[in-house]
Every structure is written in structure tokens, then in C-alpha cells.
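Residues 142 to 602 in the numbering used here are what the sequence shown spells out, letter by letter. We put the CB at the ideal spot given by N, CA and C, even for glycine. Fair warning: this is a prediction, and the values are worked out from it, not measured in the lab.
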Amino acid sequence: MTLWIPDIVERPGPKYRAIAAAIADDIAEGRLAPGAKLPPQRDLSWRLGVTVGTISRAYTEAERQGLVRGEVGRGTYVLRPGLREGFPMRADQSADDIDLSLSFPAPGDEGDYIGDTLRRMADDPGSVDFLDYQSPAGNLRHRAAGAAWLSTTGVHVDADGVVITSGGQNGILVAFSALAQAGDHILTEELTFPGVKSVANMLGLRIQGLPIDEHGVIPEALENACRTQNYRFLYLIPTIHNPTARVMPPERRAALADVAQRHNLMIVEDDIAARCIVNPPAPIATLMPENTVYLTSLSKAVAPGLRIGYLSAPPDLLKRQASIVGASAWMATPISAELATRWIEDGTAEKILDSRRAEAIARFKLATAKLGHNSISATPGCHHIWLTLPEPWRATDYTEEAKRRGIVIAPAEIFAAGRSNAPHAVRICIGMPRQRKKLDYALDVLAEILLSHNMRDIAMV
Ligand SMILES: Cc1ncc(COP(=O)(O)O)c(C=O)c1O
């Protein structure tokens with residue numbers, strides 16, 4: 142393949158802009174194909190007689206325009222038109238904003254494996270089976286891979302004890318639908334994953350948020366709630382809680398399991414991010430398997446685009462959950478389940494997880510260095526941090542000021558369950574920008590705002 146060299150001779154203005162414009166033109170005219178790798182920055186700087194800094198700026202500009210993407214340690218690649226924005230931006234967001242509002246896993250080396258695995262699947266005559274309907278719970282080999290994945294967090298079930306879902310969000314919908322019906326009351330932490338609020342809304346369930354401390358739900362509060370009302374279940378995120386990033390210690394898990402068992406209350410345990418940290422505590426499901434629905438997905442550890450999640454529950458409930466998968470989607474996509482299965486079986490899933498975790502730990506260190514003098518909660522390996530704001534900031538004012546300066550974050554209100562009060566805190570997703578240097582810049586801006594106390598006057602009398 143001949144090396145691509147941009148023609149910048151007749152392009153006016155700064156050199157970096159000229160190079161970025163040449164990248165745009167050459168993509169539009171087919172001289173740079175989707176997936177093509179741009180030349181290493183040092184090579185191109187030498188060939189064009191400009192500094193490496195100029196090339197780096199040009200590539201950053203092209204990335205900002207959504208034309209290319211820099212992959213950590215691999216190089217810069219041309220993106221396919223239409224896929225350029227990745228996750229759709231919200232209407233109030235500009236292309237220049239740095240979005241730290243969504244819980245993306247930190248980038249890893251997943252791009253090194255996808256092509257090879259898909260090629261092997263393409264060459265395998267058996268792959269045609271994955272174009273057929275399959276059992277709603279998933280085929281047995283795929284479920285066995287799910288069981289193997291669950292065993293890595295200490296939940297030991299066989300293939301029959303697993304239902305495959307289309308990711309964790311679908312797992313939540315399936316779990317909730319099997320346990321409750323419209324009008325029922327359910328319990329969650331007082332701050333919880335917004336996807337849970339959407340599902341509860343959709344199903345007509347009423348959420349009661351339980352008070353939390355730095356270890357999670359307070360057992361006495363659960364005890365009181367169980368005494369006063371008949372709740373269908375308690376939904377919990379004990380490991381890397383979303384949004385507070387806290388990890389519930391084993392003693393608190395045991396105390397909550399004790400209350401739940403005494404009141405015959407089911408716990409839906411969402412353990413989606415457990416593998417992002419090293420040695421997560423044993424799930425509540427290991428303490429009371431008969432009263433727990435355990436759900437996880439490969440989204441945070443391996444790849445969210447796979448849309449593969451795993452549910453495990455007592456047998457009768459699991460059967461119901463499989464029927465609900467059938468009623469809502471028939472089954473999780475078998476091609477995707479096959480890809481996930483191959484990655485679990487051959488160890489690729491663990492390699493991707495290791496690379497994502499290493500990047501997340503580097504980002505955690507960066508965030509701690511820049512914001513650590515404030516009150517933050519985070520755990521090395523997790524993909525978001527929770528920043529409790531110093532006086533005089535309120536979460537929405539701080540979020541608005543950050544937005545004005547081009548950084549998008551999520552205020553605590555978004556996570557408030559039911560009508561619970563939200564603290565003066567924000568969630569900052571450090572896994573999100575693919576380039577670590579963008580995060581570096583965004584964290585500087587966020588730290589600067591905290592110091593500036595530059596709140597705008599409220600235009601209200
Ligand atoms: C706690 C929690 N549960 C479930 C999900 C949904 O996961 P998935 O992407 O697998 O649907 C998320 C996504 O961020 C999450 O944070």
C-alpha cells in the first residue's frame with residue numbers, strides 16, 4: 142500500500158488546518174478509505190517538513206470533526222461516514238463539547254481482536270446456524286460461556302442457570318417484569334442508575350429510594366421500609382455503584398442479605414461493572430442465591446456494542462425471565478452471542494478487560510491528581526468518579542458552568558430515585574473520551590471552575 146501524503150501546497154492558513162482539510166477532502170473523494178490508517182505522526186512530519194506538534198494538532202482537528210479516530214497505542218484511523226459521531230449527541234450539545242456524561246468503559250485494545258474473530262466466524266460453515274431462531278434463553282454453548290463469565294465473580298451456576306439478554310438494560314427490564322407489575326412498589330438506593338428509573342416508569346412501578354452512606358444502603362432503613370410496606374424487590378448496584386462509584390464492603394452485603402431474608406424480599410443485584418476492579422467482593426447472590434436475581438453484561442468489561450448480558454435466578458423465576466426475553470425480543474442476537482462466546486472461551490474477553498482496566502486506572506490517577514483535593518469517590522478501574530462539590534456550588538449550577546466551558550457532565554439530580562433529595566455532587570465519566578489528553582484538558586477545566594466560584598447571577602426576582 143502506498144503511503145498517503147496530503148497535498149497542502151496550495152492550501153492557505155495554518156499548516157495544521159491545511160492537513161486537516163486535506164484529510165477531509167481525501168476522504169470525500171475516496172483517496173482515504175474507511176478504516177485506512179493515517180501515517181505515523183513522526184513519518185508525516187518528516188515528509189512534509191513540519192513539526193510533529195503540527196501533525197498532532199492536525200489529527201486532533203480531524204478527530205474533532207469526526208473524520209478519524211485515534212486508538213491508544215495503535216494509530217489514527219479513518220472513520221466510516223455515518224458512524225462518525227459514535228453515540229448520538231444530545232440536542233443541546235455542540236461538536237466541540239467534551240462529553241463526560243455517559244458511562245462508557247475506558248478504551249482498550251478491543252479493536253485488535255474484532256477483525257480476526259469475525260474473519261474466523263465468516264470462514265466457519267457452522268456460523269450459518271446463528272442466522273436461525275434460537276431458544277429465547279440462548280443456545281446452550283452461549284449460555285455455558287455466560288456461566289463461565291458469571292463464575293469469574295463467584296456466581297457458580299451451570300449453563301441451564303443462565304439466560305442471555307440484550308445487554309444489562311434489557312436484563313433489568315426482564316428481571317423487573319418477572320417480579321412486579323404496574324402499581325407495585327420497589328426499592329432502590331436513593332441515587333440510582335437512570336436506566337432503572339426508565340424501566341420502572343415504563344412498567345408503572347413506584348420507586349422508593351433508600352438512604353445510603355459511604356458503604357451503600359443503610360440496613361436499618363431497609364428494615365424500616367420492609368416493616369411499613371410490601372415492596373416487591375430491592376434493586377442494588379453493590380460494586381461500583383452508579384453514580385457514586387462506591388463498592389459495598391462484605392459486612393454491609395451480609396447485613397442487607399440478612400434483612401432481605403428475614404422479610405422474604407428479593408434483591409435484584411446489578412453487577413455489571415464488578416470485573417472492572419481487581420478482586421471485587423463476593424456478590425450478594427453468593428450469600429442468598431434463592432432470593433437474588435443476579436444480572437450482568439459484557440458492556441463495561443468487554444464491549445457495550447456486543448449487547449450481551451447474562452441473568453441468573455432461582456429456576457422458576459429464570460424460566461419466566463426466558464419467556465419475557467422471548468416475548469420482547471425472541472432472543473439476544475445469536476451472532477453477537479457467538480462473538481462474545483468465542484472471546485470468553487479463548488481468553489480474549491480477559492485480555493480486552495485487562496487493557497480497559499489499565500487505561501481506566503491511568504485515568505483514575507489523572508482524575509485523582511487533578512480533582513483529588515476535593516471530595517471524590519472512585520475506585521481504581523472504575524469508569525466514572527463522583528465529585529462532591531465544595532461550597533458554594535450546587536450540582537446544576539456547576540454542570541451548567543461546565544457546559545458553558547464545553548464540558549458535559551451529569552448532576553446528581555439525574556440519579557435521584559423517586560422524590561429523594563439529591564446531594565451537591567456530579568458524576569464525571571472518565572472512560573468516555575477515547576483520547577486521554579482530551580480528558581486531561583477537561584479535568585483541568587473542571588478543577589479550574591471549582592476554584593473560580595464564578596457562578597453567574599440568577600436572573601430572577
Ligand atoms: C448500573 C448499570 N446497569 C446497567 C447498565 C446497562 O448496561 P448495558 O449497556 O449492558 O445495557 C448500565 C449502563 O451504564 C449501568 O450503569
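Distance check for residue j and residue i, CA to CA, integer angstroms please.
i, j, result
"Gly-214", "Thr-201", "15 Å"
"Ser-477", "Thr-540", "37 Å"
"Ala-155", "Ile-146", "According to the sequence provided, residue 155 is Pro. The question's Ala does not apply to it. Using only the alpha carbons, I get a separation of about 17 Å."
"Ile-599", "Pro-533", "For Ile-599, the pLDDT reaches just 49, beneath the cut-off of 50, and the residue's location in the model is therefore unreliable, leaving the point undetermined."
"Arg-172", "His-525", "39 Å"
"Asn-365", "Asp-354", "16 Å"
"Met-472", "Gly-308", "11 Å"
"Val-193", "Leu-530", "39 Å"
"Glu-170", "Ile-164", "10 Å"
"Val-219", "Leu-480", "24 Å"
"Asp-495", "Ile-555", "31 Å"
"Asp-148", "Lys-578", "28 Å"
"Gly-559", "His-297", "34 Å"
"Glu-486", "Ala-286", "7 Å"
"Trp-187", "Gly-207", "25 Å"
"Ala-162", "Gly-572", "29 Å"
"Thr-306", "Pro-424", "20 Å"
"Gly-324", "Ala-508", "42 Å"
"Pro-390", "Ile-381", "11 Å"
"Lys-278", "Gly-467", "It is Ala, not Lys, that sits at residue 278 in the sequence shown. Taking the straight line joining both Cα atoms gives about 8 Å."
Does at least one heavy atom of ligand 1 sit under 7 Å from the Cβ of residue i?
i, result
"Ser-469", "no"
"Ser-318", "no"
"Ser-496", "no"
"Phe-374", "no"
"Ser-242", "no"
"Gly-308", "yes"
"Gly-336", "yes"
"Asn-371", "no"
"Ile-413", "yes"
"Gly-450", "yes"
"Ile-614", "Since the first and last residues shown for the chain are 142 and 602, residue 614 lies out of range."
According to DSSP, is residue i helix, strand or coil?
i, result
"Val-298", "coil"
"Phe-556", "helix"
"Trp-534", "coil"
"Gly-279", "coil"
"Arg-504", "helix"
"Ser-464", "helix"
"Arg-568", "strand"
"Gln-182", "helix"
"Met-262", "helix"
"Ile-239", "strand"
"Thr-293", "coil"
"Gly-252", "helix"
"Arg-210", "strand"
Starting from residue i, follow the beta strand (DSSP E) in both directions and report where the run begins and ends.
i, result
"Ser-516", "516-518"
"Val-219", "216-219"
"Asp-166", "No beta strand (DSSP E) contains Asp-166, which is instead part of the alpha helix (DSSP H) from 156-169."
Name the two residues that bound the continuous alpha helix (DSSP H) containing residue i.
i, result
"Gly-190", "Counting along the chain, Gly-190 falls outside any alpha helix (DSSP H), and DSSP gives it neither H nor E."
"Gln-576", "Taken as a continuous stretch (DSSP letters only), Gln-576 belongs to no alpha helix (DSSP H), as it is neither H nor E."
"Arg-416", "Note, Arg-416: premise wrong, no alpha helix (DSSP H); not H, not E."
For residue i, is the beta carbon positioned less than 7 Å from some heavy atom of ligand 3?
i, result
"Ser-518", "Questions concerning ligand 3 fall outside what the structure shown contains, since the ligands it does hold are ligand 1."
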